[in-house]
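Undergrad: In terms of full-length UniProt numbering, the sequence shown opens at residue 1 and continues consecutively. Where is the CB? At the ideal position from N, CA and C, for every residue including glycine.
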Amino acid sequence: MDRKEFLDILSIMNHMAHADGQMHPVEKKVLIAVFKAAKVTPEEQKLIQGRSSLEEMIDEIKTDDAKTGLVDMMALVAGADGVFEEEEKLLIKKVMKRVGITPEEHTYFQDENNLDIALVRSNAKKILQSITSSS
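1) Taking I117 as the reference, give the member of D72, R51 and E87 with the closest Cα.
2) Suppose the cutoff is 7 Å on Cβ atoms and the five residues either side in sequence are ignored; what does the same chain contact list for R121 look like?
3) Would you kindly work out how many angstroms separate the C-alpha atoms of E60 and L7, rounded to a whole number?
4) Hey, which unbroken runs of the beta strand (DSSP E) at 3 residues or more fall wholly within the UniProt domain "Co-chaperone DjlA N-terminal" (9-105)?
5) Which residues share a DSSP beta bridge with D111?
6) Are there any heavy atoms of the ligand COA lying less than 8 Å away from the beta-carbon of T132, as far as the coordinates show?
7) Throw me the rounded Cβ distance for the L76 and V30 pair, which I believe falls under 8 Å.
8) Alpha carbon to alpha carbon, what distance is there between I131 and K62?
9) Less than 6 Å between C-beta atoms, sequence neighbours within five positions excluded: which residues of the same chain meet that for M74?
10) When you compare only the Cα positions, how much space is there between P42 and G50?
11) What do you get for V95, buried or exposed, if any count of 16 or more other CB atoms within 10 angstroms of its CB means buried?
12) Out of L54, I101, T102 and L119, point me to the one whose CA is closest to F84's CA.
13) Near L47, which residues of its chain fall below 7 Å by C-beta distance, leaving aside the five closest residues on each side in sequence?
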């Protein structure tokens with residue numbers, strides 16, 4: 001995955017964190033941790049915050065590792081506050097469909113398409129390392 005795809009993933013994560021109308025403090029903490037680990041520059045932060053078209057961001061995710069990383073990171077943000085909100089669920093399902101990943105084939109969504117929050121949280125460090133090492 002190249003840096004552009006990675007920044008698109010961060011833009012989508014930012015969108016996800018606001019999906020239920022407010023950013024929970026724990027979701028914000030996850031985003032800050034990712035931004036720091038990936039050494040996101042102030043210029044890149046402005047680019048991320050300026051993105052508004054979810055469709056365009058999703059369309060720019062091309063590689064398989066970026067698609068998987070996107071879904072993993074969305075799961076991490078959605079599960080950060082311990083509650084899988086309906087708005088988050090709808091957004092993740094939409095993104096998964098667009099990138100060609102079915103819930104049944106993804107580790108964190110096998111239980112009737114619900115997010116396994118405990119599993120996501122237990123793998124948080126692994127998810128963060130995976131996505132930041134790929135950028």
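TA: According to the data block:
1) Answer by Cα proximity: D72.
2) Sequence-distant Cβ neighbours of R121 in its own chain, meaning closer than 7 Å and more than five residues away, are G79.
3) One C-alpha to the other measures close to 10 Å.
4) Whole beta strand (DSSP E) segments, 3+ residues: zero.
5) D111 pairs with N114.
6) This structure does not include the ligand COA; it has no bound ligands of any sort.
7) Going by Cβ atoms, the distance from L76 to V30 rounds to 6 Å, so yes, they are a contact pair.
8) K62 and I131: Cα-Cα distance of roughly 15 Å.
9) M16 and I92, listed in sequence order.
10) Answer to the nearest angstrom: the Cα atoms are 12 Å apart.
11) It counts as buried.
12) Closest option to F84, Cα to Cα, is L119.
13) So the list reads L7, once near-sequence residues are dropped.
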